[in-house]
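Input: a single structure, listed below in C-alpha coordinates.
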Amino acid sequence: MRLYPDKLDAHLKKNLAPVYLLYGEELLQIMEAGDKLRAHASKNGFEERTVLQPIDDSDWLSFREAVDSLSLFAERRIIDLRLPTGKPGRAGGEALKQYCSNPADDVLLLISSGKLDRSGSSSAWFKSIDKIGVTMPAGPIPVHQLGGWVKNRLSAHGLQADNDALSLIVERVEGNLLAAQQEVERLALLFPEGVLSHENVLDAVADSARYSIADLVLAALQGQGRRALRVLAGLHDEAVAEVLVLWSLSGEVRAGARAAEACEAGVTIDSALKSAGVWQSRMPPLKKAMERHNAASWLNMLSTCTTIDRQIKGQAAGAVWDSFESLVVQLAECGKPLIPQHPAIP
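Heads up: the sequence shown is residues 0 to 345, going by numbering that gives the first Met the number 0.
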(Lines of atoms letter the chains of each structure in order from A; the text may use other names.)
(Lines give C-alpha, C1' and ligand atoms only; values in the text may rest on other atoms or scores of the structure.)
Protein backbone atom coordinates (compact mmCIF):
# COMPACT_ATOMS: atom_id res chain seq x y z
CA MET A 0 0.00 0.00 0.00
CA ARG A 1 1.06 3.59 -0.55
CA LEU A 2 1.28 5.79 2.51
CA TYR A 3 2.22 9.45 2.87
CA PRO A 4 4.41 10.79 5.71
CA ASP A 5 1.59 12.69 7.44
CA LYS A 6 -0.40 9.43 7.78
CA LEU A 7 2.41 7.35 9.32
CA ASP A 8 1.46 7.96 12.97
CA ALA A 9 -2.11 6.76 12.38
CA HIS A 10 -0.81 3.72 10.47
CA LEU A 11 1.53 2.67 13.28
CA LYS A 12 -1.34 2.67 15.79
CA LYS A 13 -2.92 -0.15 13.78
CA ASN A 14 -0.13 -2.42 12.62
CA LEU A 15 3.47 -2.80 11.50
CA ALA A 16 4.11 -4.00 7.94
CA PRO A 17 6.98 -6.42 7.21
CA VAL A 18 8.60 -4.08 4.65
CA TYR A 19 8.75 -0.29 4.29
CA LEU A 20 10.20 1.58 1.32
CA LEU A 21 10.83 5.28 1.97
CA TYR A 22 11.86 7.06 -1.22
CA GLY A 23 12.08 10.52 -2.73
CA GLU A 24 14.06 13.74 -2.80
CA GLU A 25 12.91 15.19 0.53
CA LEU A 26 15.52 13.84 2.94
CA LEU A 27 13.97 15.31 6.08
CA GLN A 28 10.73 13.40 5.59
CA ILE A 29 12.65 10.17 4.94
CA MET A 30 14.82 10.68 8.02
CA GLU A 31 11.87 11.45 10.29
CA ALA A 32 9.76 8.56 8.97
CA GLY A 33 12.70 6.20 9.43
CA ASP A 34 13.22 7.40 13.01
CA LYS A 35 9.54 6.84 13.81
CA LEU A 36 9.58 3.35 12.34
CA ARG A 37 12.74 2.33 14.19
CA ALA A 38 11.42 3.72 17.50
CA HIS A 39 8.08 1.94 17.06
CA ALA A 40 9.79 -1.30 16.10
CA SER A 41 12.09 -1.08 19.13
CA LYS A 42 9.07 -0.78 21.43
CA ASN A 43 7.69 -3.94 19.82
CA GLY A 44 10.74 -6.09 20.43
CA PHE A 45 12.90 -5.39 17.37
CA GLU A 46 16.07 -4.90 19.38
CA GLU A 47 18.84 -5.73 16.88
CA ARG A 48 19.60 -3.57 13.85
CA THR A 49 21.79 -4.21 10.81
CA VAL A 50 22.58 -1.43 8.31
CA LEU A 51 23.40 -2.43 4.71
CA GLN A 52 24.20 -0.33 1.64
CA PRO A 53 24.68 -2.68 -1.32
CA ILE A 54 26.99 -1.47 -4.07
CA ASP A 55 27.59 -4.57 -6.19
CA ASP A 56 26.20 -8.08 -6.59
CA SER A 57 28.30 -9.48 -3.74
CA ASP A 58 26.68 -7.03 -1.34
CA TRP A 59 23.27 -8.41 -2.26
CA LEU A 60 24.53 -11.85 -1.23
CA SER A 61 25.25 -10.29 2.17
CA PHE A 62 21.67 -8.97 2.22
CA ARG A 63 20.27 -12.43 1.58
CA GLU A 64 22.47 -13.89 4.30
CA ALA A 65 21.35 -11.18 6.73
CA VAL A 66 17.62 -11.73 6.22
CA ASP A 67 17.95 -15.52 6.24
CA SER A 68 20.24 -15.87 9.25
CA LEU A 69 19.05 -16.35 12.81
CA SER A 70 19.72 -13.55 15.29
CA LEU A 71 22.34 -14.20 17.96
CA PHE A 72 21.14 -11.46 20.30
CA ALA A 73 17.42 -10.85 19.79
CA GLU A 74 14.30 -12.56 18.53
CA ARG A 75 13.39 -9.67 16.24
CA ARG A 76 15.66 -7.59 13.98
CA ILE A 77 15.60 -4.49 11.79
CA ILE A 78 17.40 -4.70 8.46
CA ASP A 79 18.10 -1.07 7.49
CA LEU A 80 18.75 -1.12 3.75
CA ARG A 81 20.06 2.04 2.02
CA LEU A 82 19.61 2.64 -1.74
CA PRO A 83 20.91 6.20 -2.40
CA THR A 84 20.42 5.98 -6.17
CA GLY A 85 17.08 4.16 -6.07
CA LYS A 86 18.48 1.54 -8.44
CA PRO A 87 19.12 -1.88 -6.86
CA GLY A 88 20.19 -3.36 -10.19
CA ARG A 89 19.20 -6.75 -11.51
CA ALA A 90 20.67 -8.70 -8.59
CA GLY A 91 19.12 -6.36 -6.04
CA GLY A 92 15.74 -6.38 -7.73
CA GLU A 93 15.69 -10.18 -7.75
CA ALA A 94 16.80 -10.31 -4.11
CA LEU A 95 14.01 -7.94 -3.03
CA LYS A 96 11.39 -9.80 -5.07
CA GLN A 97 12.49 -13.12 -3.59
CA TYR A 98 12.41 -11.79 -0.05
CA CYS A 99 8.97 -10.21 -0.47
CA SER A 100 7.56 -13.50 -1.70
CA ASN A 101 8.24 -14.94 1.77
CA PRO A 102 9.20 -12.25 4.32
CA ALA A 103 10.64 -13.37 7.65
CA ASP A 104 8.37 -13.03 10.68
CA ASP A 105 11.23 -11.82 12.89
CA VAL A 106 12.58 -9.17 10.47
CA LEU A 107 11.47 -5.62 9.72
CA LEU A 108 12.96 -4.58 6.39
CA LEU A 109 13.30 -0.79 6.22
CA ILE A 110 14.49 0.53 2.84
CA SER A 111 15.55 4.16 2.38
CA SER A 112 15.98 5.25 -1.23
CA GLY A 113 16.63 8.27 -3.35
CA LYS A 114 14.08 9.51 -5.85
CA LEU A 115 12.68 6.80 -8.14
CA ASP A 116 12.10 7.40 -11.82
CA ARG A 117 9.13 5.95 -13.68
CA SER A 118 10.93 2.68 -14.41
CA GLY A 119 11.76 2.28 -10.72
CA SER A 120 8.22 2.87 -9.46
CA SER A 121 6.81 0.46 -12.05
CA SER A 122 9.46 -2.24 -11.57
CA ALA A 123 8.69 -5.74 -10.35
CA TRP A 124 10.69 -5.28 -7.14
CA PHE A 125 8.78 -2.09 -6.28
CA LYS A 126 5.44 -3.79 -6.91
CA SER A 127 6.44 -6.76 -4.75
CA ILE A 128 7.15 -4.38 -1.83
CA ASP A 129 3.91 -2.46 -2.41
CA LYS A 130 1.95 -5.72 -2.39
CA ILE A 131 3.01 -6.92 1.06
CA GLY A 132 4.35 -3.75 2.69
CA VAL A 133 4.29 0.03 2.55
CA THR A 134 5.75 2.40 -0.05
CA MET A 135 6.10 5.99 1.10
CA PRO A 136 7.01 8.78 -1.37
CA ALA A 137 8.65 11.82 0.19
CA GLY A 138 8.42 14.79 -2.14
CA PRO A 139 8.73 18.54 -1.63
CA ILE A 140 5.84 20.19 0.19
CA PRO A 141 3.97 22.60 -2.16
CA VAL A 142 4.46 26.24 -1.27
CA HIS A 143 0.74 26.70 -0.50
CA GLN A 144 1.01 23.95 2.15
CA LEU A 145 4.38 24.92 3.58
CA GLY A 146 2.93 27.64 5.81
CA GLY A 147 0.71 25.10 7.57
CA TRP A 148 3.66 22.72 7.95
CA VAL A 149 5.80 25.44 9.55
CA LYS A 150 2.90 26.52 11.79
CA ASN A 151 2.50 22.98 13.13
CA ARG A 152 6.24 22.68 13.77
CA LEU A 153 6.30 25.97 15.65
CA SER A 154 3.25 24.94 17.67
CA ALA A 155 5.07 21.81 18.85
CA HIS A 156 7.61 24.17 20.47
CA GLY A 157 4.93 26.39 22.01
CA LEU A 158 5.41 29.12 19.42
CA GLN A 159 2.86 30.95 17.28
CA ALA A 160 3.42 33.20 14.29
CA ASP A 161 1.11 35.65 12.59
CA ASN A 162 0.48 35.44 8.86
CA ASP A 163 3.21 37.96 7.99
CA ALA A 164 5.80 36.05 10.03
CA LEU A 165 4.75 32.72 8.50
CA SER A 166 4.93 34.17 5.00
CA LEU A 167 8.44 35.44 5.67
CA ILE A 168 9.62 32.04 6.93
CA VAL A 169 8.11 30.29 3.91
CA GLU A 170 9.69 32.79 1.52
CA ARG A 171 13.13 32.25 3.01
CA VAL A 172 13.11 28.45 3.26
CA GLU A 173 10.91 27.47 0.31
CA GLY A 174 12.10 24.28 -1.40
CA ASN A 175 14.46 23.40 1.46
CA LEU A 176 12.52 21.48 4.10
CA LEU A 177 15.60 20.62 6.12
CA ALA A 178 16.45 24.32 6.38
CA ALA A 179 12.84 25.01 7.40
CA GLN A 180 13.09 22.55 10.29
CA GLN A 181 16.44 24.00 11.34
CA GLU A 182 14.96 27.49 11.37
CA VAL A 183 12.03 26.33 13.52
CA GLU A 184 14.47 24.81 15.99
CA ARG A 185 16.55 28.00 15.99
CA LEU A 186 13.48 30.14 16.70
CA ALA A 187 12.57 27.80 19.57
CA LEU A 188 16.01 28.36 21.08
CA LEU A 189 16.02 32.12 20.59
CA PHE A 190 12.52 33.01 21.78
CA PRO A 191 10.31 31.96 24.72
CA GLU A 192 6.95 30.33 24.15
CA GLY A 193 4.42 32.74 22.75
CA VAL A 194 3.78 34.77 19.62
CA LEU A 195 6.55 35.50 17.11
CA SER A 196 6.43 38.85 15.35
CA HIS A 197 7.47 39.64 11.80
CA GLU A 198 10.50 41.47 13.24
CA ASN A 199 11.55 38.42 15.29
CA VAL A 200 11.54 36.25 12.20
CA LEU A 201 13.24 38.88 10.05
CA ASP A 202 16.15 39.06 12.48
CA ALA A 203 16.49 35.33 13.07
CA VAL A 204 15.70 33.41 9.90
CA ALA A 205 18.35 33.02 7.25
CA ASP A 206 17.48 33.08 3.57
CA SER A 207 17.76 29.37 2.72
CA ALA A 208 15.26 29.11 -0.12
CA ARG A 209 16.09 26.65 -2.86
CA TYR A 210 14.37 26.94 -6.21
CA SER A 211 14.29 25.08 -9.48
CA ILE A 212 13.86 26.34 -13.03
CA ALA A 213 10.45 24.65 -13.03
CA ASP A 214 9.42 26.90 -10.13
CA LEU A 215 10.38 29.96 -12.21
CA VAL A 216 8.43 28.88 -15.27
CA LEU A 217 5.32 27.92 -13.30
CA ALA A 218 5.25 31.20 -11.34
CA ALA A 219 5.64 33.27 -14.50
CA LEU A 220 2.94 31.38 -16.39
CA GLN A 221 0.54 31.73 -13.47
CA GLY A 222 1.06 35.49 -13.34
CA GLN A 223 2.89 35.45 -9.99
CA GLY A 224 5.35 38.18 -10.89
CA ARG A 225 6.90 38.85 -7.50
CA ARG A 226 7.40 35.17 -6.78
CA ALA A 227 8.87 34.63 -10.26
CA LEU A 228 11.42 37.40 -9.67
CA ARG A 229 12.32 35.94 -6.28
CA VAL A 230 12.89 32.53 -7.87
CA LEU A 231 14.94 34.14 -10.64
CA ALA A 232 17.13 35.83 -8.03
CA GLY A 233 17.64 32.48 -6.31
CA LEU A 234 18.68 30.81 -9.57
CA HIS A 235 21.10 33.67 -10.20
CA ASP A 236 22.65 33.28 -6.75
CA GLU A 237 23.03 29.52 -7.26
CA ALA A 238 24.81 30.16 -10.59
CA VAL A 239 22.32 28.07 -12.55
CA ALA A 240 23.40 27.80 -16.19
CA GLU A 241 21.89 30.63 -18.24
CA VAL A 242 21.28 28.37 -21.21
CA LEU A 243 19.09 26.05 -19.09
CA VAL A 244 16.96 28.95 -17.86
CA LEU A 245 16.54 30.19 -21.42
CA TRP A 246 15.73 26.72 -22.74
CA SER A 247 12.89 26.29 -20.24
CA LEU A 248 11.41 29.76 -20.71
CA SER A 249 11.71 29.79 -24.49
CA GLY A 250 10.04 26.37 -24.74
CA GLU A 251 6.94 27.69 -23.00
CA VAL A 252 6.97 30.94 -24.97
CA ARG A 253 7.31 29.09 -28.28
CA ALA A 254 4.40 26.77 -27.37
CA GLY A 255 2.32 29.77 -26.30
CA ALA A 256 3.00 31.57 -29.58
CA ARG A 257 1.99 28.56 -31.68
CA ALA A 258 -1.15 27.93 -29.64
CA ALA A 259 -2.19 31.62 -29.67
CA GLU A 260 -1.83 31.85 -33.44
CA ALA A 261 -3.94 28.70 -33.83
CA CYS A 262 -6.60 30.06 -31.48
CA GLU A 263 -6.79 33.31 -33.42
CA ALA A 264 -7.34 31.20 -36.53
CA GLY A 265 -10.39 29.57 -34.92
CA VAL A 266 -8.92 26.45 -33.30
CA THR A 267 -10.07 25.56 -29.76
CA ILE A 268 -7.51 26.20 -27.03
CA ASP A 269 -7.17 22.51 -26.08
CA SER A 270 -6.57 21.49 -29.69
CA ALA A 271 -4.16 24.39 -30.16
CA LEU A 272 -2.10 23.42 -27.13
CA LYS A 273 -2.08 19.76 -28.16
CA SER A 274 -0.91 20.61 -31.66
CA ALA A 275 1.80 22.82 -30.10
CA GLY A 276 3.16 19.75 -28.31
CA VAL A 277 2.15 20.81 -24.80
CA TRP A 278 1.85 17.94 -22.33
CA GLN A 279 -1.44 17.53 -20.49
CA SER A 280 0.16 18.39 -17.14
CA ARG A 281 1.51 21.68 -18.56
CA MET A 282 -1.75 22.85 -20.11
CA PRO A 283 -3.40 24.54 -17.06
CA PRO A 284 -0.61 27.10 -16.35
CA LEU A 285 -0.15 27.81 -20.06
CA LYS A 286 -3.89 28.32 -20.47
CA LYS A 287 -3.74 30.86 -17.67
CA ALA A 288 -0.93 32.72 -19.43
CA MET A 289 -2.87 32.69 -22.71
CA GLU A 290 -5.67 34.60 -20.99
CA ARG A 291 -3.21 37.49 -20.59
CA HIS A 292 -1.37 37.34 -23.92
CA ASN A 293 -2.36 37.36 -27.58
CA ALA A 294 -0.25 36.05 -30.46
CA ALA A 295 1.57 39.37 -30.91
CA SER A 296 2.57 39.38 -27.24
CA TRP A 297 3.91 35.83 -27.45
CA LEU A 298 5.91 36.67 -30.58
CA ASN A 299 7.35 39.72 -28.84
CA MET A 300 8.51 37.51 -25.96
CA LEU A 301 9.95 35.05 -28.46
CA SER A 302 11.99 37.92 -29.90
CA THR A 303 13.27 38.65 -26.39
CA CYS A 304 14.33 34.99 -26.10
CA THR A 305 16.31 35.37 -29.32
CA THR A 306 18.05 38.44 -27.93
CA ILE A 307 18.95 36.60 -24.71
CA ASP A 308 20.34 33.71 -26.74
CA ARG A 309 22.62 36.13 -28.58
CA GLN A 310 23.64 37.75 -25.28
CA ILE A 311 24.62 34.37 -23.84
CA LYS A 312 26.76 33.74 -26.92
CA GLY A 313 28.36 37.18 -26.66
CA GLN A 314 26.78 38.36 -29.90
CA ALA A 315 24.54 41.05 -28.39
CA ALA A 316 25.01 43.77 -25.81
CA GLY A 317 23.29 43.75 -22.44
CA ALA A 318 23.25 41.75 -19.22
CA VAL A 319 21.66 38.32 -19.56
CA TRP A 320 20.01 38.29 -16.13
CA ASP A 321 18.53 41.76 -16.66
CA SER A 322 16.99 40.45 -19.86
CA PHE A 323 15.71 37.37 -18.04
CA GLU A 324 14.05 39.69 -15.56
CA SER A 325 12.35 41.65 -18.34
CA LEU A 326 11.15 38.44 -19.98
CA VAL A 327 9.81 37.00 -16.72
CA VAL A 328 7.97 40.23 -15.88
CA GLN A 329 6.48 40.33 -19.37
CA LEU A 330 5.37 36.70 -19.17
CA ALA A 331 3.82 37.17 -15.74
CA GLU A 332 2.39 40.62 -16.59
CA CYS A 333 -1.37 40.94 -16.65
CA GLY A 334 -2.02 44.61 -17.35
CA LYS A 335 -0.47 45.93 -14.12
CA PRO A 336 2.60 48.18 -13.91
CA LEU A 337 5.93 46.44 -14.33
CA ILE A 338 7.43 45.13 -11.11
CA PRO A 339 10.60 46.98 -10.00
CA GLN A 340 13.92 45.25 -10.56
CA HIS A 341 14.70 42.71 -7.85
CA PRO A 342 17.56 43.99 -5.66
CA ALA A 343 19.18 40.55 -5.48
CA ILE A 344 19.98 40.62 -9.20
CA PRO A 345 22.86 42.99 -10.02
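A virtual CB, placed ideally from N, CA and C, is assigned to each residue, including glycine.
Beta-carbon spacing of residue i, residue j below 8 Å
i: L20; j: I131; result: no
i: A256; j: M289; result: no
i: V327; j: L195; result: no
i: G138; j: S112; result: no
i: L153; j: Q159; result: yes
i: L330; j: A219; result: yes
i: A261; j: G276; result: no
Rounded C-alpha distance that separates residue i from residue j
i: T134; j: D58; result: 23 Å
i: E64; j: L51; result: 12 Å
i: L248; j: D236; result: 18 Å
i: A123; j: Y98; result: 13 Å
i: I140; j: W148; result: 8 Å
i: K312; j: F323; result: 15 Å
i: D269; j: R171; result: 37 Å
i: L201; j: F190; result: 13 Å
For residue i, the nearest candidate out of the options (CA to CA)
i: E173; options: P191, L234, P83 and A155; result: L234
i: A294; options: L189, V252 and L60; result: V252
i: I29; options: L80, E324, A254 and V169; result: L80
i: D56; options: F45, A94 and I77; result: A94
i: G44; options: D105, A316 and E241; result: D105
i: A318; options: E184, E241, A40 and L272; result: E241
Helix, strand or coil at residue i according to DSSP, with G and I counted as helix
i: L11; result: helix
i: G147; result: helix
i: E46; result: strand
i: V230; result: helix
i: M0; result: coil
i: G250; result: helix
i: T84; result: coil
i: K6; result: helix
i: D79; result: strand
i: P136; result: strand
i: Q159; result: strand
i: V266; result: coil
Distance between beta carbons of residue j and residue i, contact taken as under 8 Å
i: L115; j: Y22; result: 5 Å
i: L7; j: A32; result: 6 Å
i: A164; j: H197; result: 5 Å
i: L177; j: L36; result: Rounded, the Cβ-Cβ distance is 19 Å, inconsistent with contact.
i: R76; j: R48; result: 7 Å
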